[in-house]
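In numbering that gives the first Met the number 0, the protein residues as written are 0 to 689. Cβ atoms here follow ideal geometry from the backbone N, Cα and C, with glycine treated the same way. In this text, all values refer to a predicted model and were calculated from it rather than measured experimentally. Heads up: the structure comes next, in structure tokens.
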Amino acid sequence: MESNILYIIMGITLGLLAIIVVAYLMLRKKMQNSDVKRINSLINDTKEKRYSLDVFYQKLYIKFQKAPFIKRYLYKIRRRLEINNLDDEYLTRMQTAKIIFRAVILVTLLTIGVVVVTHNNLLLMGIILIFELFIIDTLTDSMVDKIDNNLLLQQIDFFAALRHSYHETNMVGEAIYVTAQDTDAVEVSRQAEKIFEILNSSDPETELEKYYDVAPNNYLKEFAGISFLTQEFGDRKVNGESLYLKNLENITQEMQLEILKRDKLDYTFKSISVISIVPVLFLEPLKNWATNNFGFTVAFYEGKSGMLVQLGVILLTIISYIMIRKLKDNGSVKRVEDTQNPWQEKLYKNKLIKKVVDMFMPKQHTAQERKEKRLLQDAASKQKLHWLYVSRLAMSILAFIGAIITIIALHAIQVNFQYTNPTSDYDLIGTAEGGELKKAKATTERQNKVLDKLRGPGKTVDDKEIKKVMSKIKDYADKSDTDIKKEIKQIKKKLNIINKEYISWVEILIAFVVGYLGYMAPYLIIKFQVKLRIMEMEDEVMQYQVIILMLMRLERVDVEMILEWLDRYADIFKEQISKCLNNYESGAYEALEEMKEEVTYQEFIRIIESLQSAVEKVPIKEAFEELESDRDYYRDKRKETNARLIDKKGRIGKAVGFAPMVVMFVGYLIFPLMYIGMTSMSSVFTSLQE
0 MESNILYIIM
10 GITLGLLAII
20 VVAYLMLRKK
30 MQNSDVKRIN
40 SLINDTKEKR
50 YSLDVFYQKL
60 YIKFQKAPFI
70 KRYLYKIRRR
80 LEINNLDDEY
90 LTRMQTAKII
100 FRAVILVTLL
110 TIGVVVVTHN
120 NLLLMGIILI
130 FELFIIDTLT
140 DSMVDKIDNN
150 LLLQQIDFFA
160 ALRHSYHETN
170 MVGEAIYVTA
180 QDTDAVEVSR
190 QAEKIFEILN
200 SSDPETELEK
210 YYDVAPNNYL
220 KEFAGISFLT
230 QEFGDRKVNG
240 ESLYLKNLEN
250 ITQEMQLEIL
260 KRDKLDYTFK
270 SISVISIVPV
280 LFLEPLKNWA
290 TNNFGFTVAF
300 YEGKSGMLVQ
310 LGVILLTIIS
320 YIMIRKLKDN
330 GSVKRVEDTQ
340 NPWQEKLYKN
350 KLIKKVVDMF
360 MPKQHTAQER
370 KEKRLLQDAA
380 SKQKLHWLYV
390 SRLAMSILAF
400 IGAIITIIAL
410 HAIQVNFQYT
420 NPTSDYDLIG
430 TAEGGELKKA
440 KATTERQNKV
450 LDKLRGPGKT
460 VDDKEIKKVM
470 SKIKDYADKS
480 DTDIKKEIKQ
490 IKKKLNIINK
500 EYISWVEILI
510 AFVVGYLGYM
520 APYLIIKFQV
530 KLRIMEMEDE
540 VMQYQVIILM
550 LMRLERVDVE
560 MILEWLDRYA
570 DIFKEQISKC
580 LNNYESGAYE
590 ALEEMKEEVT
600 YQEFIRIIES
610 LQSAVEKVPI
620 KEAFEELESD
630 RDYYRDKRKE
640 TNARLIDKKG
650 RIGKAVGFAP
660 MVVMFVGYLI
670 FPLMYIGMTS
680 MSSVFTSLQE
């Protein structure tokens, strides 16, 4: 039966791979038609090959749109790429199809490997195949991250070229346009052209606000904002150097630090991500090696205990994987989510579900509600409070159902092992082979007839009942009293195990505990995100210092404008800054004082105090004079902060990433070999003494 299922699964997988290859060949053939040849003849040889591949991805995009499962990932990736590509539909489709195509090929090959390795364990196979959904997200995220990192690198080269253009023209808009036309980097050129259009529009302030919502990264926002202010109020010379070019240098240095940070994070977590997943793939090979070399471990690996450890390793792997993704996330690409109508909102619209969810949610206008909303804000989560509770209840129900199914499956596995495991005396030294194996299987089949008649939940059986049933079975007619006595002992041992394999109230209680853990899981993930954000607090405040450093010497810059800029780039302190801006008109100093009382981070409090000084008629450049004088110190401190942050994340990541590997070797290999070996040796010595 298992062999047939294996062949079916492998056949389906290979069939899908064959369909992909055939589709590729067919599309290539179509691209050789007269129309495409005519187009290719109009361009050079190099671009002919590239165009053909581009057309292939465009057609592949249309095919992926019609695939039910793939379509979900297609639109998810597309929404993220649209941020970089602005209105370029052709490039967005091509990049999306390229990423999905690569992911499909990799997942197909991985699926074949999983099926080959785990074909003897259908439950493990199913769990690992489901786990591949997480891997798909990782693959697609990493591919999109590369595109965003490439844009950052292009921006550095673009700003270097812009400096030369500005020296020649002394006009912001003209320099941006000339540099955009001269650069070969398509992505950054498109962004620069968009900024040029904004600067020359009839209402640049409104258009600039719209661009802030779609800009791929904060550095382009800063560049667009500084360019607008310089064009609007003019450039100034500070110590004989253009203030606009000095600000470009500050933005460039920020980008260089960010690129180094991302490279170090990628390098640190590249191997950890793989290490955290590998144990799942080695469970079945380890099991096969142990059972083939140490026969006494078969009962553990084929029974309930072995499956429990397997499930534990898989669960730990999933948790480790999620935590590593959170640790590695550098915010390189905006995670575009459906914040209007996600699945939680769709469920919440159901009247019955809404009533149930409202029963668990804290009452409106209570301290608990404010506390939990503040937690979501601190985690920079776009979730609404009722979405969080829908997720918690959904996870709780799924965890409870999963626990019940797992308990039933574990009982079935244990009973099946008693019915299928060859009954022999070769548990300690090795395994039965050849004629001995055939004889052991015959003994099992013979004893199964007795088990069928005497098994029952909680039922106790004595030797007389077993012997009475055996006397009615023809297979025992020619057996000696010694053999019958030995088999009675074996059958009784099996019955004691089988008759205990039913769902008990303790297991139902365990399922409820698992359900509660599922209920707490989304909440704990939010708490973990808050902890990670606290780790990056110092880095964000230093970004504020750079923004203030760029603004402090510009004409007509006031405290309110600085707060607007900080609010635009804020993450950790966004709520406090937004609230301060809302209250600014009713009293600037008081609004800043209220914000100071709400934060505890000392470096940010110093910035607030300097802003208060600027409100009290002290010029902004004097209020933040120490930023200018200690600029080199703050730059070195920023580098050190990033290094410490990456080191801290790396240490946490290594501990989390290696946890599944350690549990697999200790809990699934070393401990069973030692414990079962010692108990088996003890039982053998006891038998010899008797």
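Buried/exposed call for N216, threshold 16 Cβ in 10 Å: buried
Where do the ends of the alpha helix (DSSP H) carrying A393 lie? L384 to T419
Measure the alpha-carbon distance for S40 versus L280 and round it to whole angstroms. Bear in mind that a pLDDT of 48 at S40, under 50, signals an unreliable position, so the number given afterwards is only what the model happens to contain. Their Cα atoms are separated by approximately 50 Å.
Buried/exposed call for F399, threshold 16 Cβ in 10 Å: buried
For N43, which residues of its own chain have a beta-carbon under 8 Å away from its beta-carbon, when the five flanking residues on both sides are left out? A caution first: N43 carries a pLDDT of 47, below 50, which makes its placement in the model unreliable, though a value can still be read off. Same-chain partners within the cutoff: there are none.
Taking C-beta to C-beta, are K228 and L610 nearer than 8 Å? With the sequence shown as reference, residue 228 is identified as Leu, and Lys is not the correct amino acid for it. Going by C-beta atoms, L228 is not nearer than 8 Å to L610.
Per DSSP, S241 forms a beta bridge with which residues? K236
Could you name the residues of the same chain whose beta carbon sits closer than 7 Å to that of Y674, not counting the 5 residues immediately before and after it, in chain order? none
Between the segment 339-349 and the segment 380-392, are three or more C-beta pairs nearer than 8 Å? yes
Between the segment 178-192 and the segment 242-261, can you find at least three pairs of beta-carbon atoms closer than 8 Å? no
Are the beta-carbon atoms of Y518 and Q542 separated by less than 8 Å? no
In three-state terms, what does DSSP make of A298? helix
When we look at the beta-carbon of S275 and count the other beta-carbons within 10 Å, is it buried (16 or more) or exposed? buried
Is the segment 55-66 touching the segment 112-121, taking contact as three or more C-beta pairs under 8 Å? no
Does the separation of the CB atoms of L315 and P671 fall below 8 Å? no
Excluding the 5 residues preceding and the 5 following L626 in the sequence, name in chain order all residues of the same chain whose CB lies nearer than 8 Å to its CB. Q544, I547, L548, M551 and Y633
By how many angstroms is the C-alpha of L59 removed from the C-alpha of L307? 43 Å
Look at the alpha carbon of K263 and the alpha carbon of Y418, and state the distance between them as a whole number of angstroms. 54 Å
Using the Cβ count rule (16 or more neighbours within 10 Å means buried), how would you classify T226? According to the sequence shown, residue 226 is Ser rather than Thr. Counting Cβ neighbours within 10 Å, S226 comes out buried, since at least 16 surround it.
Quick check on the DSSP output: what are the complete alpha helix (DSSP H) runs of length 4 or more inside the segment 53-113, in order along the chain? 67-84
Please list, in chain order, all residues of the same chain as I197 whose beta carbon is under 8 Å from its beta carbon, the five residues on each side excluded. P203, E206, L207, Y210, A223 and F227
For G457, three-class secondary structure by DSSP: coil
Spell out a yes or no on whether the segment 89-107 and the segment 71-78 are touching, meaning 3 or more CB-CB pairs, one atom from each, closer than 8 Å. yes
Just reading off the alpha helix (DSSP H) that R552 is part of, what are its end residues? First-last for R552: undefined, no H or E at that position.
Measuring CB to CB, does A654 end up less than 8 Å from Q528? no
If you draw a straight line from the alpha carbon of D477 to that of V449, how long is it in whole angstroms? 16 Å
Classify R77: buried if its beta carbon has 16 or more other beta carbons within 10 angstroms, exposed otherwise. buried
Pull up the distance between the alpha-carbon of G294 and that of E131, whole angstroms please. 33 Å
Which residues mark the beginning and the end of the alpha helix (DSSP H) in which K648 is found? R630 to F664
Is it true that the CB of I576 sits closer than 8 Å to the CB of L562? yes
Take L285 and list the residues in its own chain whose beta-carbon comes closer than 8 Å to its own, dropping the five residues that flank it on each side. M663, Y667 and L668
Would D451 and I487 be called neighbours here (beta carbons separated by less than 8 Å)? no
Give the DSSP-derived three-state secondary structure of K471 in the structure shown. coil
Backbone CA spacing between I396 and I406 [nearest angstrom]: 15 Å
With a CB to CB cut of under 6 Å and the five nearest residues on each side skipped, what residues in its chain are close to M322? V655
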